[in-house]
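A.B. asks: Going from the first sequence to my numbering is simple: count from 1 and add 2.
Glycine included, every Cβ here is placed at the ideal spot set by N, Cα and C.
On a predicted model such as this, the values are computed, not experimentally measured, just so you know.
Sharing a structure with you now.
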Amino acid sequence: MGGIVEEISSGLARALARALESARESGAIKVDEAPDFNVEVPREKDHGDFAANLAMLLARPARMSPRKLAEILVNNFSLAGTWVERVEIAGAGFINFYLRPMWVYQVLPRIISLQDDYGRVNAGGGKKVQVEFVSANPTGLLHMGNARGAALGDSIASILDYAGYNVTREFYINDAGNQIENFGLSLEARYMQILGMDAQIPEEGYHGEDLAETARGFVDRHGDALLRAGAGERRAALVEYALSEKMGAIKRVLEDFGVHYDVWFSERALHESGAVRDTLNYLRERDFVYESEDALWFKASDFGAEKDEVVVRSNGIPTYFASDIAYHRNKFQRGFDWVIDIWGADHHGHVSRMKGAMAAVGNDPAALEIVIMQLVRLYKGGELVRMSKRSGQFVTLEELMEEVGRDAARYFFVMRGSDSHLDFDLDLAKAETNDNPVYYIQYAHARICSILRQAGEQGIKPPDPAATDFSVLIEESEFALARKLADFPVEVASAAKGLAPQRIARYAHELAGLLHSFYNSHRVITAGRALSDARLVLVDATRITLRNALRLLGLTAPERM
RNA sequence: GCGCCCGUAGCUCAGGGGAUAGAGCGCCGGCCUCCGGAGCCGGAAGCGCAGGUUCGAUUCCUGCCGGGCGCACCA
């Protein structure tokens, strides 16, 4: 499940535990229980293929020096049935295992047979997890923050799926509440203006030109009949029209970006079903809310937040926080074991009260995980591109894709951790040079495809991996490449654990580098048949692994460039 | 002022209790009769400061300094 690296390190851990057992039985080491040690891959090659810290952890309870303990453990350690060639004691008491190089080539036939599934692990055990991301206001276009959220959320979802979780991707449509009121008022003003009347967009409204276009589209289709309708009816009709237009555009752009949702969840439905009211009643019954200055407040400070928060305004309208509580309660009612929200950094103040609210409605706040992503800055020609709705210098996801392409955009958004600021270099992203990591990785993939094509043209049949002799792969760069391939499942598990797609981005880049490096020093299709076959399997396994990594990031793996 | 996030190479960033801290860009110097040079090889250069926990701290904790964001009956 975790791949051969995991199998071998846990095998070594078990063997070491047995060594400790026999040392305890013979009285050579006196401890009450075995410590929780680990077998890990040392940074330094000189320190072996795997290393254990057991002796250092035993030092205190056993009252012996780590090196002495390591010696006893090694003497009790059986090499039978392992790949271990030799064991050394080094440093402060590390036990270093040196394996026969062939251990790593086991991975090649496995990759070829698993194909698209190579790298899948079962860390999640089928647990139901929901990833909610983007959830942009349906009142405008998708901006850079939404775009980063889309790339991050979708990759996180893909990685979790690959790591054995049952994943649902969800978009929450904010089609209710105060902002929709403002949206309606703004649309109404635009509508009146187009029909030659004097109307003002409210201060708090939406002043973008796009709403004028929307209103014009409405007039083109439906004329001026709404002038004679009541204000409420007029706004409702305009909002209905505009929402479906805007949401349609958002869905289209996200599809183009390669993001597919399982659920589009409407805030309005939450009000209409009574879920918001029920949730407020639930809180009232338990005295988790109180009235003050005609408004209803949630006692967030009783649940670890800094201050209390209004859930129903003095005008009787629930705040977005009220619907958000109902929404998140609903998520848990739907049976998700783990709920992940991806929010922009400007919403981080909302985290503690949201978790507090979950505790208040009887859910485990720890099951709600909020990924906060820092903001995006665009650079072009070395200059910061100012983005603001006010200045109109508003770069949309659609414009970005036109500018740099979908693959580059997605890669750049996930190559950094979510909690680090992202400087997006537009020139670099669209450069078709080796400076551009996206091309570098895709080029490695295309290059392998080209080699495999060549082999086919020369009449070389794809070798049977099970019958291939990998002992001819004696070059440093061959071992390094295969070793990296063996790491993929480990990377997937760790990317899933840390909700960290940048690990996969990085992995793909490093794997591509090792391929290029190998390629430049050795020929795949070469004189000896045995060597050619082994290398063909090696590069084919690399192709599969690269493609799988790219898929987790939502990027294509081109066969030609 | 309070809260959250971040200070790692000249720049942009990975890493994250272990033994000699990585990558890309930029800079300097090399490699195409050969499967795709959109490539490869080599070089210089770094954990903000001070304490603490630990056999071991760049990693965890505290304080300070510096930066971002937030602190609405907006979302």
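1) Is it the case that the stretch 48-55 contacts the stretch 94-113, given that we only count it when at least three CB pairs across the two stretches are under 8 Å?
2) To the nearest angstrom, how far is the alpha carbon of Arg455 from that of Arg562?
3) DSSP state of Glu235, grouped into three classes?
4) In whole angstroms, what is the alpha-carbon distance linking Glu87 and Ser80?
5) For the putative contact between Val2 and Thr470, defined by C-beta atoms under 8 Å, what is the C-beta separation to the nearest angstrom?
6) Which of helix, strand or coil does DSSP assign to Pro140?
7) Tell me the residue span of the beta strand (DSSP E) that contains Ala92.
8) Going by CA-CA distance only, name the one from Trp345, Leu245, Gly207, Ile91 that's closest to Gly147.
9) Check the DSSP bridge columns for Gly83 and list the partner residues they point to.
10) Flag this pair as yes or no: are the beta carbons of Arg412 and Gly234 separated by less than 8 Å?
11) With a cut-off of 8 Å, do at least 3 Cβ pairs link the stretch 361-368 to the stretch 149-168?
12) Can you give the Cα-Cα distance for Ser393 and Met403, rounded to whole angstroms?
13) Going straight from the alpha carbon of Ser12 to that of Val41, what length do you get?
14) Taking a contact to mean a Cβ-Cβ separation below 8 Å, would you say Gly5 touches Phe490 in this structure?
15) Under 8 Å, with one C-beta from each stretch per pair, do the stretch 172-191 and the stretch 202-218 reach the 3-pair mark?
16) Can you grab the Cα-Cα spacing for the pair Ala1 / Glu8, in whole Å?
17) Using the three-state DSSP reduction, which class does Ala361 fall into: helix, strand or coil?
18) Terminal residues of the continuous alpha helix (DSSP H) containing Ser534?
19) Are at least three pairs of beta-carbons, each pair with one atom in the stretch 166-185 and one in the stretch 126-134, less than 8 Å apart?
20) Would you kindly work out how many angstroms separate the C-alpha atoms of Arg288 and Ile342, rounded to a whole number?
21) Looking only at its chain, what residues have a beta carbon closer than 8 Å to the beta carbon of Asp584, apart from the 5 residues adjacent to it on each side?
22) Quick test of the definition: if touching needs 3 or more C-beta pairs under 8 Å, does the stretch 446-455 touch the stretch 507-519?
23) Is it right to say Arg418 is buried, meaning 16 or more other beta carbons lie within 10 angstroms of its own, or is it exposed?
24) In the structure shown, what three-state DSSP assignment does Glu9 receive?
25) Return the CA-CA distance between Arg495 and Ser115, expressed in angstroms with no decimal places.
26) If you reduce the DSSP assignment to three classes, tell me which class Met249 lands in.
27) Among Ala498, Leu487, Glu478, Gly95, whose alpha-carbon lies nearest the alpha-carbon of Tyr509?
28) Who are the near neighbours of Lys309 in its chain, counting only those whose CB is closer than 7 Å to its CB and skipping five residues on each side?
29) What did DSSP end up calling Ala53 once you bin it into helix, strand or coil?
30) Classify Arg45: buried if its beta carbon has 16 or more other beta carbons within 10 angstroms, exposed otherwise.
31) So, helix, strand or coil for Phe135, using DSSP?
32) Answer with buried or exposed for Ala543, where buried requires no fewer than 16 other C-beta atoms within 10 angstroms of its C-beta.
33) Please report how far the alpha carbon of Ala15 lies from the alpha carbon of Lys70, in whole angstroms.
34) By how many angstroms is the C-alpha of Ala25 removed from the C-alpha of Ile74?
35) Counting C-beta neighbours from all protein chains within 10 Å, is the total for Gly383 16 or more, i.e. buried, or is it exposed?
C.D. replies: Per the coordinate set shown:
1) yes
2) The residue labelled residue 455 in the question sits at position 453 within the first sequence. The residue labelled residue 562 in the question sits at position 560 within the first sequence. If I take the Cα positions, the gap works out to 11 Å.
3) As a first step, residue 235 is located in the first sequence; it is residue number 233 there, counting from the start. In the structure shown, Glu235 sits in a helix (DSSP, three-state: H, G or I).
4) The count along the first sequence starts at 1 and reaches residue 87 at position 85. The count along the first sequence starts at 1 and reaches residue 80 at position 78. One C-alpha to the other measures close to 11 Å.
5) Residue numbering for the chain in the displayed model covers 3 to 563; residue 2 lies beyond these limits and cannot be assessed.
6) Position 138 of the first sequence, counted from the start, is the residue given in the question as residue 140. Residue state, collapsed to three classes: coil.
7) On the first sequence, position 90 is the one that residue 92 refers to. Residues 86-92.
8) Residue mapping note: residue 147 aligns to position 145 of the first sequence, counting from 1. If we check each option's Cα against that of Gly147, Trp345 comes out closest.
9) As a first step, residue 83 must be located in the first sequence, where it is residue number 81. Its beta-bridge partners do not exist; DSSP assigns none.
10) The residue you call residue 412 lines up with position 410 of the first sequence. The residue you call residue 234 lines up with position 232 of the first sequence. No, these two residues do not count as a Cβ contact at 8 Å.
11) no
12) Against the first sequence, residue 393 aligns to sequence position 391. Against the first sequence, residue 403 aligns to sequence position 401. Residue placement at Ser393 is flagged as unreliable, the pLDDT there being 48, under the threshold of 50; the coordinate-derived value follows with that caveat. The straight-line gap from Cα to Cα measures roughly 21 Å.
13) The sequence position of residue 12 within the first sequence is 10, counting from 1. The sequence position of residue 41 within the first sequence is 39, counting from 1. Using only the alpha carbons, I get a separation of about 7 Å.
14) Position 3 of the first sequence, counted from the start, is the residue given in the question as residue 5. Position 488 of the first sequence, counted from the start, is the residue given in the question as residue 490. Cβ atoms of Gly5 and Phe490: closer than 8 Å.
15) yes
16) No answer is possible for residue 1: it lies beyond the span of the chain, which begins at 3 and ends at 563.
17) Numbered from its first residue, the first sequence carries residue 361 at position 359. In this structure, Ala361 counts as helix in the three-state DSSP scheme.
18) Along the first sequence, read from residue 1 onward, the residue named residue 534 stands at position 532. 531-554 is the extent of the alpha helix (DSSP H) around Ser534.
19) yes
20) Position 286 of the first sequence, counted from the first residue, corresponds to residue 288. Position 340 of the first sequence, counted from the first residue, corresponds to residue 342. Looking at the two C-alpha atoms, the distance is approximately 27 Å.
21) Here the chain covers residues 3 to 563 and nothing more, so residue 584 does not appear.
22) yes
23) Taking the first residue of the first sequence as position 1, residue 418 is located at position 416. Buried, since its Cβ has 16 or more Cβ neighbours within 10 Å.
24) The residue you call residue 9 lines up with position 7 of the first sequence. In this structure, Glu9 counts as helix in the three-state DSSP scheme.
25) Residue mapping note: residue 495 aligns to position 493 of the first sequence, counting from 1. Residue mapping note: residue 115 aligns to position 113 of the first sequence, counting from 1. Sequence inspection shows Ala at residue 495; the Arg mentioned does not correspond to that position. Between Ala495 and Ser115, the C-alpha separation is close to 20 Å.
26) Locating residue 249 in the first sequence gives position 247, where the first residue counts as 1. Three-state result, Met249: helix.
27) Locating residue 509 in the first sequence gives position 507, counting from the first residue. Among Ala498, Leu487, Glu478, Gly95, the Cα nearest to that of Tyr509 belongs to Leu487.
28) Stepping through the first sequence from its first residue, residue 309 is reached at position 307. Closer than 7 Å at Cβ, skipping near neighbours: Ala302, Ser303.
29) Taking the first sequence and counting its residues from 1, the one referred to as residue 53 is at position 51. Residue state, collapsed to three classes: strand.
30) As a first step, residue 45 is located in the first sequence; it is residue number 43 there, counting from the start. Exposed is the call here.
31) Residue mapping note: residue 135 aligns to position 133 of the first sequence, counting from 1. Note: Phe135 maps to coil in three-state DSSP.
32) Residue 543 sits at position 541 when you count from the first residue of the first sequence. Counting Cβ neighbours within 10 Å, Ala543 comes out buried, since at least 16 surround it.
33) Looking up residue 15 in the first sequence gives position 13. Looking up residue 70 in the first sequence gives position 68. Cα to Cα, the separation comes out at about 19 Å.
34) As a first step, residue 74 is located in the first sequence; it is residue number 72 there, counting from the start. As a first step, residue 25 is located in the first sequence; it is residue number 23 there, counting from the start. Roughly 7 Å separates the two Cα atoms.
35) Start at 1 with the first residue of the first sequence, and residue 383 comes out as number 381. It counts as exposed.
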